[in-house]
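Reading through the structure tokens given below for one structure.
2 protein chains.
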Amino acid sequence: MSHIIGKGRCISCQVRHLSIFANLSTQYLGELCDFQPTVMTYTAKEFIYRQGDSPNNAFTLRKGLIKLIKSLPDGRIQIVRILKSGDLFGFDGFAHQDYNQSAIALSDCEICHLPLAGLQKLRLQRPEIDQAMMQRWIQSLHDAENMMLDLGAKKASERLANFLVNWGESEQDGWKKMPLSRQEVGNLLGLTVETVSRFLSDWKRRGVIQERKGCIRIKDKKHLCEVINPKGTCG
Amino acid sequence: MSHIIGKGRCISCQVRHLSIFANLSTQYLGELCDFQPTVMTYTAKEFIYRQGDSPNNAFTLRKGLIKLIKSLPDGRIQIVRILKSGDLFGFDGFAHQDYNQSAIALSDCEICHLPLAGLQKLRLQRPEIDQAMMQRWIQSLHDAENMMLDLGAKKASERLANFLVNWGESEQDGWKKMPLSRQEVGNLLGLTVETVSRFLSDWKRRGVIQERKGCIRIKDKKHLCEVINPKGTCG
DNA sequence: CGGGCGCTTGATTATGTTCAACTTCAGTGG
DNA sequence: CCACTGAAGTTGAACATAATCAAGCGCCCG
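So the protein sequences, as listed, match chains A and B.
Numbering of the first sequence is given in the working numbering, commencing with residue 4 and proceeding in unit increments.
Numbering of the second sequence is given in the working numbering, commencing with residue 4 and proceeding in unit increments.
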């Protein structure tokens, strides 16, 4: 279950450099101390909020992974975003709107609850924070646009190869944590479990990728890139 | 061809009430006059900007319709947004990023070019403008999330029915302009021309919708709503 | 009047889904 | 420690949906 582990001390936060408070001049970190967001832990599969709830907070993810999902009445699901350390989410309240998605922990998580009113005040006071938030909104929109292109115009293998390459990025031929189930990869890419499983199995048989207990490694990136873009270049 | 038709006088603009300057207290409209964005006209099918261009401006659409598209090297296209009067677009520069999509006029258009630096200054000065921009970013993100759900989780008929109902909204059983070609509807919904044409023809034969010279009318909204959501309610 | 574009329609194919059976593995309790 | 259980993953076969290919229509514009 989720529980409160205390008040955040942003000034000494280990993931501040990833957050919207990253570029804050040190002289203003003091003000941030008054802000004192509540820090909570969540266990895997727990909801942080549900689509339709009225927002009192925005959130910063400190530790773990989160999926933002939208779902249809009959149970079909689309993952619209995967959140990593330092990511800001649940900011719908800034537009006086209810949460437009549900947030679910993919792993055990540590999350800062940022009261909307306080954050709004900070944002108006400190241009660095304002700028950081704006950049994140625009980046989120870009990510969403790229995903629309994937979902609307690409085929299964292209989407999956693209997902693997992006996920494995920054790892030079090393093992990368893959905490998403086949089902979740399907929900992210608009595919069924079976389709995801078939392509992954195929690529494993051909030695394009390797897998072991929740980790994945790309052996033949070139091959995946050719799947993504038959006659283009890629990394 | 596009050409400049002069400097905008926001204070007397007919679509200001739809724009990010809508809620500006009258006392500040004067400042806005110094801003003086360039107003330009574009003819249908013209590019306003291209994906990858460096942004100098954001834009407000005064008159007409615009599509924002992303495309793959092999020519496949996804429309990621359709813009209407008063909509703000091309604001990628605020995050120091290149345009992430291309903007193309769907009809003859009138567009305000808003210099980034000037707009940034206005935003920081006037909370109303700042708030309006933020709301639009969040709304755009919501729209994008809804579209991801459509593209990833729904079938052709559901997407198309949903599109028609949304497009026809605010019209009480009247004729609604439909300036998108079958091809463009396909590019928006992740479908081929043929698939779009087939469903529309079918619904026309059944009397669910009517069409005449670039206009469309929904005769049997209930039927479309049942296609969208087999056992739910809808408007 | 001719040409071309957008739209429609049919036939065929491909891609991915659905359904079903089986395997693997982690966790649980005897 | 091992048998049992259930969830996650794999695989095959049948099926459905939408894409592709192809042909023809209607209409606007030159």
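Glycine included, C-beta positions come from ideal geometry on N, C-alpha and C.
Everything numeric in this text was worked out from a predicted model, so none of it was measured.
(Q) I need the DSSP call for A:SER97, collapsed to helix, strand or coil. (A) Taking the first sequence and counting its residues from 1, one reaches residue 97 of chain A at position 94. A quick correction: the sequence has Phe, not Ser, at residue 97 of chain A. Note: A:PHE97 maps to helix in three-state DSSP.
Q. Going straight from the alpha carbon of A:LYS10 to that of A:ALA106, what length do you get?
A. On the first sequence, position 7 is the one that residue 10 of chain A refers to. On the first sequence, position 103 is the one that residue 106 of chain A refers to. Distance between the alpha carbons of A:LYS10 and A:ALA106: 22 Å.
Q) List, in order along the chain, the chain B residues whose C-beta lies closer than 9 Å to that of A:SER22? A) Here residue 22 of chain A corresponds to residue number 19 of the first sequence, with the count starting at 1. In chain order: nothing, as chain B lies at least about 16 Å away.
Q | Classification of B:ILE72 by the beta-carbon crowding that lies within 10 angstroms, buried from 16 upward | A | Position 69 of the second sequence holds residue 72 of chain B. B:ILE72 is buried by the Cβ-count criterion.
Q) So is A:LYS158 in contact with chain B if we call contact Cβ pairs under 7 Å? A) For the purposes of this step, residue 158 of chain A is taken as the residue at position 155 of the first sequence. No, because no Cβ of chain B sits closer than 7 Å to the Cβ of A:LYS158.
Q | Assigned secondary structure, A:ASN59 (DSSP; H/G/I helix, E/B strand, else coil) | A | Here residue 59 of chain A is taken as the residue at index 56 of the first sequence, counted from 1. In the structure shown, A:ASN59 sits in coil (DSSP, three-state: anything other than H, G, I, E or B).
Q. Unbroken beta strand (DSSP E) runs of length 3 or more, entirely within the region 109-196 of chain B: which are they?
A. 112-118
Q) Taking all protein chains shown into account, do 16 or more other C-beta atoms lie within 10 angstroms of the C-beta of B:HIS6, making it buried, or fewer, making it exposed? A) Locating residue 6 of chain B in the second sequence gives position 3, where the first residue counts as 1. Classification for B:HIS6: exposed.
Q. Looking only at its own chain, which residues have a Cβ that is under 6 Å from the Cβ of B:TRP178, when we skip the five neighbours before and after it?
A. Working through the second sequence from its first residue, we reach residue 178 of chain B at position 175. Excluding sequence neighbours, B:TRP178 sits near CYS218 and ARG220.
(Q) Taking the straight line between their C-alpha atoms, what separation do you get for A:LEU203 and A:ILE141? (A) If you number the first sequence from 1, residue 203 of chain A lands on position 200. If you number the first sequence from 1, residue 141 of chain A lands on position 138. Their backbone Cα atoms lie some 32 Å apart in a straight line.
Q: Could you list which residues in chain B have their beta carbon closer than 7 Å to that of A:PHE166, in chain order?
A: As a working mapping, residue 166 of chain A is identified with position 163 in the first sequence. What A:PHE166 touches in chain B: nothing, since even the nearest Cβ is about 13 Å away.
Q.
In whole angstroms, give me the CA-to-CA distance for B:CYS228 and B:LEU183.
A. Residue mapping note: residue 228 of chain B aligns to position 225 of the second sequence, counting from 1. Residue mapping note: residue 183 of chain B aligns to position 180 of the second sequence, counting from 1. Each residue's Cα considered, the two are about 21 Å apart.
Q. Which residues bound the alpha helix (DSSP H) around B:GLU229?
A. As a working mapping, residue 229 of chain B is identified with position 226 in the second sequence. Looking at the DSSP string, the run of the alpha helix (DSSP H) that includes B:GLU229 is 224-231.
Q) Taking only beta-carbon atoms, is B:ALA98 less than 7 Å away from chain A? A) Taking the first residue of the second sequence as 1, we reach residue 98 of chain B at position 95. Closer than 7 Å: yes.
Q) What's the call for B:HIS99, buried or exposed, on a 16-neighbour Cβ count within 10 Å? A) Residue mapping note: residue 99 of chain B aligns to position 96 of the second sequence, counting from 1. B:HIS99 comes out exposed.
Q.
Between which residues of its own chain and B:GLU214 is the CB-CB distance below 8 Å, once the five residues before and five after are set aside?
A. One-based indexing of the second sequence puts residue 214 of chain B at position 211. For B:GLU214, where only same-chain residues beyond five positions count, the Cβ hits under 8 Å are MET181, LEU203, LYS207 and ARG220.
Q. Hey, B:GLY89 and B:LEU119: beta-carbon distance below 7 Å or not?
A. Residue numbering aside, residue 89 of chain B sits at position 86 when the second sequence is read from its first letter. Residue numbering aside, residue 119 of chain B sits at position 116 when the second sequence is read from its first letter. Cβ distance not < 7 Å, so B:GLY89 and B:LEU119 don't count as in contact.
Q. B:MET150 touches chain A at which residues, Cβ-Cβ below 9 Å?
A. Residue mapping note: residue 150 of chain B aligns to position 147 of the second sequence, counting from 1. In chain order: ALA147, MET151, LEU154 and GLY155.
(Q) Residues in the same chain with beta-carbon distance under 8 Å from B:LEU152, minus the five sequence neighbours each way, listed in chain order, please. (A) By one-based count along the second sequence, residue 152 of chain B stands at place 149. Result list for B:LEU152: empty, nothing under 8 Å.
Q | Beta-carbon spacing of A:ILE51, A:LEU32 below 7 Å | A | Looking up residue 51 of chain A in the first sequence gives position 48. Looking up residue 32 of chain A in the first sequence gives position 29. Taking 7 Å as the Cβ cut-off, A:ILE51 and A:LEU32 do not qualify as a contacting pair.
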